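As structure tokens, then:
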């Protein structure tokens with residue numbers, strides 16, 4: 016029996032009868048307390064208050080809460096802070112002054128699980144995992160002899176995450192010192208341009224290498240009041256990679272702008288550009304964007320890995336049935352194929368996968384994109400430039416005079432573009448494009464709402480694919496998972512009885528997230544003669560779904576649940592991206 020359950024029992028808060036009853040039905044010791052809260056023998060809030068009181072009185076170490084995952088560590092630490100009448104800090108919501116960490120060896124901060132947050136005229140605020148650790152407080156007070164410590168509490172998870180950021184900051188400390196020295200010597204150095212470039216270029220190389228090693232799709236560089244933060248979007252989620260003092264931001268931003276051929280003096284308007292560079296022995300393209308914000312400019316670089324442009328549709332995670340349906344549609348001589356989904360659902364990757372299937376010496380393939388993300392052989396790619404009057408619609412009109420066989424439109428944004436695309440499809444061209452809708456069938460009413468007659472849609476439409484990207488369980492920390500019946504019950508129709516569920520525990524390889532990499536889930540709706548007729552007659556969405564299901568249509572949620580059954584992902588992840 017675990018310690019908290021034993022203490023609750025000895026103090027009369029739960030009875031032996033309740034424990035025996037649960038033991039008889041097979042409840043294991045390590046889930047006994049959680050089960051007692053679920054059956055109403057004792058409330059979760061009471062357990063939290065009990066644990067906090069025992070921590071405050073010294074009977075428990077604060078680390079005991081890690082043994083009980085159903086106790087939210089944030090609310091436990093927050094309650095402890097209230098009892099001790101100190102501040103509880105959510106470190107993610109604070110613009111921390113990282114210069115304070117320079118005064119304390121990182122080994123000391125790690126040992127005491129503490130991090131200095133801010134300093135004012137009267138005190139230095141320091142967040143502790145264990146605010147009752149007097150030894151840690153006295154040791155840190157000696158390092159700040161002139162000002163008293165203002166003790167605060169934060170969760171262990173957050174403090175460890177921020178200590179890791181301090182460690183990353185220290186790893187480039189020498190480079191940052193060199194940058195400052197070079198900036199200070201600009202007035203006397205004859206080769207000042209080269210001097211300014213050398214360390215900044217090295218720092219940019221370190222940033223890009225670190226982000227690409229972490230499999231980032233985007234790199235965000237943002238100035239705040241006190242710092243310059245570098246964040247990477249990995250598997251759809253942003254995480255901080257580096258934090259620098261704010262004086263590093265201006266030379267970093269200027270050097271990046273030079274790389275992207277932008278005006279380094281223009282800080283009031285957004286600018287867009289791109290550049291290519293070698294990172295770790297491979298060439299990457301970066302799509303570069305700046306946006307003026309309160310403390311400078313937000314810089315975002317989209318990582319364009321040229322190898323991704325050559326991905327095959329069957330390697331993108333499509334199941335065999337969905338791939339066959341889309342592949343059949345791509346063999347159609349004319350018509351329009353739509354790929355739908357929200358921003359960041361992998362639509363562009365699917366379009367390039369489709370282009371790989373279509374391109375050949377015998378046919379002319381032209382694309383209209385804003386911007387052109389990947390450059391491909393045997394394909395004529397047109398960059399939309401609104402500033403010179405070349406919109407999607409303008410480019411499409413000109414393309415039709417270029418004798419194309421296949422046309423790819425990066426995105427259908429307005430009625431005019433859709434109208435020309437439909438006409439191109441009806442006059443003997445195969446058109447593939449994207450549309451922002453939540454599911455495949457919703458594309459039909461959306462096109463009607465955009466002002467296209469239903470009979471034109473029914474004549475042109477060949478197939479619609481809706482898709483999302485789900486995170487895959489990390490293979491390095493993948494382990495079996497026992498899910499409560501309450502979680503499984505609503506989805507029993509999708510899950511065989513012998514389904515084995517998996518989860519990622521969180522490890523160094525996946526940065527503690529439990530997921531690594533992403534895969535597509537999709538639904539493919541081929542437009543049959545019956546559906547075409549229903550579209551022309553303006554049939555309701557429900558009627559069209561009913562007909563599609565008769566023809567073997569598999570909804571995206573069902574496709575996602577197959578990924579759970581095969582151990583690729585989790586129910587939680589499927590529910591995050593698509594409705595049940």
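Numbering (my numbering), first residue to last: 16 to 595. C-beta atoms are modelled at their ideal positions from N, C-alpha and C, and glycine is treated no differently. Treat the numbers as computed from the prediction; the structure is a model and nothing was measured.
Item                                                                                                                                                                                : Value
Between the region 454 to 466 and the region 385 to 401, do three or more beta carbon pairs fall short of 8 angstroms?                                                              : no
My output table needs one value for residue 215: the three-state DSSP class, helix, strand or coil.                                                                                 : helix
How is the beta strand (DSSP E) around residue 135 delimited, first residue to last?                                                                                                : It is not in any beta strand (DSSP E) - residue 135 carries neither H nor E in the DSSP assignment.
Is the beta carbon of residue 152 sitting closer than 7 angstroms to the one on residue 354?                                                                                        : no
Could you compute how far the alpha carbon of residue 435 sits from the alpha carbon of residue 520?                                                                                : 51 angstroms
Between the region 61 to 70 and the region 116 to 133, do at least 3 Cβ pairs fall closer than 8 angstroms?                                                                         : no
What beta strand (DSSP E) runs, 3 residues minimum, are completely inside the region 478 to 546?                                                                                    : 493 to 496, 516 to 519, 530 to 541
From the DSSP output, in three-state form, read off residue 564 for me.                                                                                                             : helix
Compare the Cα-Cα distances from residue 216 to each of 191, 50, 227 and report the closest residue.                                                                                : 191
Alpha helix (DSSP H) containing residue 398: first to last residue?                                                                                                                 : First-last for residue 398: 394 to 398, but that is the beta strand (DSSP E), not the alpha helix (DSSP H).
What did DSSP end up calling residue 558 once you bin it into helix, strand or coil?                                                                                                : helix
Between which two residues does the alpha helix (DSSP H) harbouring residue 410 extend?                                                                                             : 407 to 414
Let me know the alpha helix (DSSP H) ranges lying completely inside the region 24 to 65, each 4 residues or longer, listed in chain order.                                          : 31 to 39, 47 to 53
With distances taken between CB atoms, is the gap from residue 542 to residue 476 smaller than 7 angstroms?                                                                         : yes
The alpha helix (DSSP H) with residue 337 in it runs from where to where?                                                                                                           : 335 to 345
Anyone know if the C-beta pair for residue 465 and residue 433 falls short of 7 angstroms?                                                                                          : yes
On a Cα-Cα basis, can you pick out the residue from 52, 533, 39 that is closest to residue 252?                                                                                     : 533
Distance, Cα to Cα, residue 129 vs residue 334?                                                                                                                                     : 48 angstroms
Starting from residue 297, trace the beta strand (DSSP E) both ways and give me its first and last residue.                                                                         : 297 to 308
With DSSP run on the structure shown, which of helix, strand or coil describes residue 210?                                                                                         : Residue confidence for residue 210 is low, a pLDDT of 38 falling below 50, so the modelled location carries little weight; the figure read from the coordinates is stated next. Helix at residue 210.
What is the residue span of the beta strand (DSSP E) that residue 144 lies within?                                                                                                  : It is not in any beta strand (DSSP E) - residue 144 carries neither H nor E in the DSSP assignment.
What residues are listed by DSSP as bridge partners for residue 312?                                                                                                                : 307
What would DSSP say about residue 195, mapped onto helix, strand or coil?                                                                                                           : helix
Could you work out which residue in 269, 454, 537 is closest to residue 340 when comparing CA atoms only?                                                                           : 537
Would you kindly report the start and end of the unbroken beta strand (DSSP E) that includes residue 288?                                                                           : 286 to 294
Can you say whether residue 111 is buried or exposed, counting buried as having 16 or more other CB atoms within 10 angstroms of its CB?                                            : buried
Using the Cα positions of residue 47 and residue 145, report the straight-line distance between them to the nearest angstrom.                                                       : 27 angstroms
Between 503, 526, 523, 525, which lies nearest to residue 516 when the distance is taken from Cα to Cα?                                                                             : 503
Taking all protein chains shown into account, do 16 or more other C-beta atoms lie within 10 angstroms of the C-beta of residue 482, making it buried, or fewer, making it exposed? : buried
Identify whether residue 19 lies in helix, strand or coil by the three-state DSSP scheme.                                                                                           : helix
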